[in-house]
Structures are given as structure tokens and as C-alpha cells.
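Below is one structure, written out as C-alpha cells; the observations come after it.
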Amino acid sequence: MARSASFIKSGVIGTIVSAVCCSTPVLVLFLGIWGLGATTDYLDYLLIPALLFSLVLLAYGMVLRKRERATCCERRLSREK
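Rendered as C-alpha cells:
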């Protein structure tokens, strides 16, 4: 259970961070303040794949959790018989 939970937590955190960075201009403002405004052209090449990777990580964690629960239920059923 701990393995799937860590994948799910990582996926959720990564998805939230990537979505916030993609949907708000706050990151562009901060980069402009620090003098890194020229790098904002390349943010889409970084943030969109990061968002997709986080969503895949989240989906993988959900699949692992489902498999772990199914295995757990099968063990219980075999013990009861």
C-alpha cells in the first residue's frame, strides 16, 4: 500500500505544481523580476511534459492501488474457504 500511496502523492503534487505554473502568469512575473524573462518562451516545452508525466504517475499509482486491493481481497477469500 505504501508504494502506490507514494506514487499517488507524487503524481498529485506534481500535477498541482505543473497546473498552477501553466495556468497562472505568476511564474512569468517572478522570472521577469529575477531577470530571467527571456526563458518564458521555453516554459511550455518544460511544463506541459511535466504535467503529462505527473498525470501518468498519478494514473500508475491508482492502478497499483487497485491491484494491491484486489490481491488483498483474494487472499482474504482464500483464507475464508
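Using numbering that gives the first Met the number 0, the first residue of the sequence shown is number 0, and each one after it goes up by one.
Every residue gets a Cβ at the ideal spot worked out from N, C-alpha and C, and that includes glycine.
For clarity, every value in this text was computed on a predicted model and none was experimentally measured.
Can you tell me which of the three DSSP states residue i falls into?
i, result
"G13", "helix"
"G34", "coil"
Please determine, among the options, the residue with the shortest C-alpha to C-alpha distance to residue i.
i, options, result
"D40", "R2, L50 and P24", "P24"
"I12", "E67, L63 and L57", "L57"
"A49", "R66, V19 and G34", "V19"
May I ask you to check if the CB of residue i is nearer than 7 Å to at least one heavy atom of the ligand ADP?
i, result
"G31", "The model on display carries no ligand, and the ligand ADP is accordingly not part of it."
Can you say whether residue i is buried or exposed, counting buried as having 16 or more other CB atoms within 10 angstroms of its CB?
i, result
"T70", "exposed"
"T14", "buried"
"F29", "exposed"
"S53", "buried"
"S17", "buried"
"G60", "buried"
"G34", "exposed"
Counting only runs that start and end within the region 42-76, where is the beta strand (DSSP E) found for 3 or more residues in a row?
Listed in chain order, nothing qualifies, since the region 42-76 has no complete beta strand (DSSP E) run of 3 or more residues.
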